[in-house]
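Colleague:
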Amino acid sequence: MIPVSGKSVSAAGETFTSKLNNLVGQLKREARKSYDAERLIEVSICLQKLLQECEFTLKKCLKIQKKQVYHLLTYVQNYVINS
338 MIPVSGKSVS AAGETFTSKL NNLVGQLKRE ARKSYDAERL IEVSICLQKL LQECEFTLKK
398 CLKIQKKQVY HLLTYVQNYV INS
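For the sequence shown, my numbering begins at 338 and goes up steadily by one.
(1) Please work out which residues of its chain come closer than 8 Å, Cβ to Cβ, to S381, disregarding the five sequence neighbours upstream and downstream, and give them in chain order.
(2) Could you check the C-alpha separation between E392 and L377 for me, to the nearest Å?
(3) State the Cα-Cα distance for the pair N358 and E390, rounded to the nearest angstrom.
(4) In chain order, what residues of the same chain lie with their CB nearer than 8 Å to the CB of L387, ignoring the 5 residues before and after it?
(5) Please report how far the alpha carbon of K356 lies from the alpha carbon of D373, in whole angstroms.
(6) On the three-state DSSP scale, how would you describe C383?
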């Protein structure tokens, strides 16, 4: 395991996928609150299909970039659903 921001790579990956899973859950909950939320249901279904077809890979950095420190969590966007 390679530490990334104090976490192993697998733990960072689990955090990313769990955030995506939470996003799908939030979409479903918001869709249940409103009967006219067809768009939320559509987005939830499309996101689930996309994630089923995705493959996440970690690639090596270039030699020049290895000297820099990268914080993986800064690349992960937070998703908030406003009602």
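Glycine included, every Cβ here is placed at the ideal spot set by N, Cα and C.
On a predicted model such as this, the values are computed, not experimentally measured, just so you know.
Modeller: In terms of the structure at hand:
(1) V361, L364, K365, A368
(2) 24 Å
(3) 15 Å
(4) none
(5) 25 Å
(6) helix
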